[in-house]
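The structure under discussion appears below in the form of structure tokens.
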Amino acid sequence: MGGVAKIPAAAGLWLLLGVVLLAFGVAASPAQASRNTHYDFVIKETKVTRLCHEKTILAVNGQFPGPTIYARKGDVVVVNVYNQGNKNITLHWHGVDQPRNPWSDGPEYITQCPIQPGANFT
């Protein structure tokens, strides 16, 4: 007799679950190529008012705290810092692997030269 073979219900559910999990896994973790991302940080004095008191602070692109840098593992991030203030500044990072860039993370005048007013650092 020619007929359709029946799959037991439990086996069918396992097959369906496997297909769904496989599809979800592929959609959730697509292969990502590394990206090169460029940011310009303009640092200058900005007046802010907190609790009825005006104060001058250094802000990045007019923001305090500064903008968020978005990156994934393997990305190359380039940050150009422009000092438009009237004092030397330094900028360093936490939790970022910086191979061959020891001058980008550390104390002022020891491992990092300050960025002078009107100068930039990449």
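Residues in the sequence shown are numbered consecutively from 94, following our numbering. By construction, the Cβ of each residue, glycine as well, lies at the ideal position given by its N, Cα and C atoms.
One alpha carbon belongs to F157, the other to L151, and they sit about 8 Å apart. Secondary structure note for F134: its beta strand (DSSP E) is the uninterrupted segment N129 to R143. For T183, the closest C-alpha among the options I203, R193 and V170 is that of I203. For F214, the secondary structure class from DSSP, reduced to helix, strand or coil, is strand.
The straight-line gap separating the alpha-carbon atoms of I162 and T142 is approximately 26 Å. A direct Cα-to-Cα measurement between H187 and Y175 gives close to 20 Å.
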